[in-house]
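Quick note: the sequence shown uses the numbering used here, first residue 77, plus one each step.
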Amino acid sequence: MNWEQLLSLKRFGDTNKRLRKEQDETRLGFEVDYDRIIFSSEFRSLQDKTQVIPLSETDFVHTRLTHSLEVSVVGRSLGRLVGKKLLEKHPHLQKVHGYQANDFGAIVAAAALAHDIGNPPFGHSGEKAIGEFFKTGEGLKYKDQLTAKEYQDLCDFEGNANGFKILTEDRAGRIGGLRLSYATLGAFTKYPKESLPKKPTTHIADKKYGFFQSEKEAYVDIAEELGLIKRSEDSVSYARHPLTFLVEAADDICYTIIDFEDGINLGLIQEEYALEYLSKIIRHTIRPENYYALSTKEDRIGYLRALAIGSLINEAVDIFMENEEAILNGDFDCALLDKSKYEAQINDIIKISIENIYQSTEVIDKEIAGYGVINTLLETYTAAVNNSFNGTASNYDELILNGLPKNIKNNSPSLYARLSGVCYYVSLLSDSKAILDYKKIKGISF
Numbered sequence: 077m078n079w080e081q082l083l084s085l086k087r088f089g090d091t092n093k094r095l096r097k098e099q100d101e102t103r104l105g106f107e108v109d110y111d112r113i114i115f116s117s118e119f120r121s122l123q124d125k126t127q128v129i130p131l132s133e134t135d136f137v138h139t140r141l142t143h144s145l146e147v148s149v150v151g152r153s154l155g156r157l158v159g160k161k162l163l164e165k166h167p168h169l170q171k172v173h174g175y176q177a178n179d180f181g182a183i184v185a186a187a188a189l190a191h192d193i194g195n196p197p198f199g200h201s202g203e204k205a206i207g208e209f210f211k212t213g214e215g216l217k218y219k220d221q222l223t224a225k226e227y228q229d230l231c232d233f234e235g236n237a238n239g240f241k242i243l244t245e246d247r248a249g250r251i252g253g254l255r256l257s258y259a260t261l262g263a264f265t266k267y268p269k270e271s272l273p274k275k276p277t278t279h280i281a282d283k284k285y286g287f288f289q290s291e292k293e294a295y296v297d298i299a300e301e302l303g304l305i306k307r308s309e310d311s312v313s314y315a316r317h318p319l320t321f322l323v324e325a326a327d328d329i330c331y332t333i334i335d336f337e338d339g340i341n342l343g344l345i346q347e348e349y350a351l352e353y354l355s356k357i358i359r360h361t362i363r364p365e366n367y368y369a370l371s372t373k374e375d376r377i378g379y380l381r382a383l384a385i386g387s388l389i390n391e392a393v394d395i396f397m398e399n400e401e402a403i404l405n406g407d408f409d410c411a412l413l414d415k416s417k418y419e420a421q422i423n424d425i426i427k428i429s430i431e432n433i434y435q436s437t438e439v440i441d442k443e444i445a446g447y448g449v450i451n452t453l454l455e456t457y458t459a460a461v462n463n464s465f466n467g468t469a470s471n472y473d474e475l476i477l478n479g480l481p482k483n484i485k486n487n488s489p490s491l492y493a494r495l496s497g498v499c500y501y502v503s504l505l506s507d508s509k510a511i512l513d514y515k516k517i518k519g520i521s522f
């Protein structure tokens, strides 16, 4: 892979090549990507979607929106720092093509901003709830009417693939979705493969999948334009865009450190653990006198969090540059932080977060409720959509359909399109809207 192709400014529908030297420096194409994402309704709904604590009533716990904004900020720093080093290493990118260090930061920031845009209500349990509806629930009856890959898309419903759908799917008045640059879409796609075969190797790019069957052609077009390395002759599978590793690192840094911070602020983790677990990461930058001068727990934890994020950013940049050649060749097979000298500390922090936050009674109880909500919505909506298509809709089905948007393809002759359209609609719901719809179906709310 080469950087000239990887930094493509092309968008869906372009007929002429977009050259970096011809860009308006006051509003670069990569910065337009960021703007289009942040003004989208799908991004806005993240303000009411779970990050760690579902439906938290406190004012300092992160939602998907605040998490995404923070990941984007970290990603921008990672991109700029790497961009500066890459331009020193490959000066022709700047001298011949006009690329600047901030271009890398803008691409990573935009891709990181959108990294959770496809997540359904109730966090990762929402993904699992959708998948289990088709794997073991009412949706199992559709298995024999779908191709293996279509059925796998539904059984392992993937927020990353759903995000790619949101960013690229045609709809009335919005051909090409948000029409982001191919560089940003490439950096966004953490798992550049289709749903089958499932985990064919231990390579990081094979951990999950990155696009549904409905967007497969769109992804192939992007991958070919960017010059991504094809990894399989039997299925659609490519090497990652190199900047994807920075998007992933930004997410890993934020959820590791900031979820830990949330747990402490909620009282689920003792404050003393913060200094104990973060001390080795920040030992070169911490100033004890500054730490002990802070009077509140939130300020003390915030100070440690900022130093830890800074340390991990610098190390991720070093790891990327040390492995740039392997990354460009598609040979680098793990996340950047898996090579970190702080890997043991990171794993300790994640372990204590799992035990004290993700497996806390508050989280588990609300995830259980989320399963019930999503199962009810899918059962009701898929029945209404398919009954309508088959001409057997009841009056109740018609009432349900009147409350659904027309763009969920409820009249498509493709069963896969109808089912995935329902999943798409449910995935876009905020936590609160999902609960409201559930209450209406159950006759609890009027």
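Just so you know, even glycine gets a beta-carbon here, dropped at the ideal spot from N, CA and C.
What do you reckon, are the CB atoms on residue i and residue j nearer than 8 Å?
{"i": "residue 280", "j": "residue 409", "result": "yes"}
{"i": "residue 299", "j": "residue 318", "result": "no"}
{"i": "residue 425", "j": "residue 332", "result": "yes"}
{"i": "residue 186", "j": "residue 258", "result": "no"}
{"i": "residue 241", "j": "residue 181", "result": "no"}
{"i": "residue 513", "j": "residue 411", "result": "no"}
{"i": "residue 406", "j": "residue 202", "result": "no"}
{"i": "residue 122", "j": "residue 141", "result": "yes"}
{"i": "residue 607", "j": "residue 82", "result": "Past the boundaries of the shown model lies residue 607; the chain is included only from 77 to 522, so the question cannot be answered."}
{"i": "residue 462", "j": "residue 494", "result": "yes"}
{"i": "residue 320", "j": "residue 266", "result": "yes"}
{"i": "residue 212", "j": "residue 294", "result": "no"}
{"i": "residue 173", "j": "residue 93", "result": "no"}
{"i": "residue 465", "j": "residue 487", "result": "yes"}
{"i": "residue 254", "j": "residue 116", "result": "yes"}
{"i": "residue 233", "j": "residue 251", "result": "no"}
{"i": "residue 358", "j": "residue 380", "result": "yes"}
{"i": "residue 40", "j": "residue 498", "result": "Absent from the structure is residue 40, since the part of the chain shown begins at 77 and ends at 522."}
{"i": "residue 322", "j": "residue 151", "result": "yes"}
{"i": "residue 199", "j": "residue 126", "result": "yes"}
{"i": "residue 236", "j": "residue 283", "result": "no"}
{"i": "residue 492", "j": "residue 145", "result": "no"}
In this structure, how does DSSP classify residue i when only helix, strand and coil are distinguished?
{"i": "residue 247", "result": "strand"}
{"i": "residue 139", "result": "strand"}
{"i": "residue 332", "result": "helix"}
{"i": "residue 313", "result": "strand"}
{"i": "residue 165", "result": "helix"}
{"i": "residue 131", "result": "For residue 131, the predicted model reports a pLDDT of 47, less than 50, meaning its position is unreliable and no value from the coordinates is stated."}
{"i": "residue 468", "result": "coil"}
{"i": "residue 452", "result": "helix"}
{"i": "residue 97", "result": "helix"}
{"i": "residue 277", "result": "coil"}
{"i": "residue 442", "result": "helix"}
{"i": "residue 126", "result": "strand"}
{"i": "residue 306", "result": "strand"}
{"i": "residue 345", "result": "coil"}
{"i": "residue 463", "result": "helix"}
{"i": "residue 81", "result": "helix"}
{"i": "residue 91", "result": "coil"}
Just checking residue i against the ligand MN - is the residue's beta carbon closer than 7 Å to any of the ligand's heavy atoms?
{"i": "residue 258", "result": "Because no ligand of any kind appears in the structure shown, any question about the ligand MN cannot be addressed here."}
Cutting at 7 Å between CB atoms, please list the residues of its own chain near residue i, excluding the five before and the five after it.
{"i": "residue 131", "result": "Since pLDDT at residue 131 reaches only 47, below the 50 mark, its modelled position is unreliable, and the value read off the structure follows with that caveat. Result list for residue 131: 442 and 507, in chain order."}
{"i": "residue 147", "result": "188, 191, 326, 327 and 330"}
{"i": "residue 214", "result": "455"}
{"i": "residue 225", "result": "270, 271, 272 and 289"}
Identify, in the order they occur along the chain, each residue of the same chain with its Cβ nearer than 6 Å to the Cβ of residue i, setting aside the five sequence neighbours on each side.
{"i": "residue 161", "result": "397"}
{"i": "residue 377", "result": "337, 340 and 350"}
{"i": "residue 274", "result": "none"}
{"i": "residue 157", "result": "393"}
{"i": "residue 509", "result": "none"}
{"i": "residue 384", "result": "333, 354, 357 and 358"}
Could you spell out the range, first to last residue, of the alpha helix (DSSP H) harbouring residue i?
{"i": "residue 169", "result": "168-171"}
{"i": "residue 269", "result": "Counting along the chain, residue 269 falls outside any alpha helix (DSSP H), and DSSP gives it neither H nor E."}
{"i": "residue 421", "result": "419-429"}
{"i": "residue 493", "result": "491-504"}
{"i": "residue 110", "result": "105-114"}
{"i": "residue 297", "result": "292-302"}
{"i": "residue 355", "result": "348-358"}
{"i": "residue 386", "result": "373-398"}
{"i": "residue 514", "result": "507-518"}
{"i": "residue 285", "result": "It is not in any alpha helix (DSSP H) - residue 285 carries neither H nor E in the DSSP assignment."}
{"i": "residue 481", "result": "Segment: none, residue 481 is in no alpha helix (DSSP H) and carries neither H nor E."}
{"i": "residue 408", "result": "Segment: none, residue 408 is in no alpha helix (DSSP H) and carries neither H nor E."}
{"i": "residue 526", "result": "Nothing about residue 526 can be read from this structure; the chain reaches only from 77 to 522."}
{"i": "residue 87", "result": "Element bounds for residue 87: n/a, residue is neither H nor E."}
Between which residues of its own chain and residue i is the CB-CB distance below 8 Å, once the five residues before and five after are set aside?
{"i": "residue 166", "result": "79"}
{"i": "residue 360", "result": "387"}
| request: Starting from the N-terminal side, write out each stretch of the alpha helix (DSSP H) that is 4 residues or longer and does not extend beyond the stretch 170-241. | output: 177-189, 199-211 and 224-231
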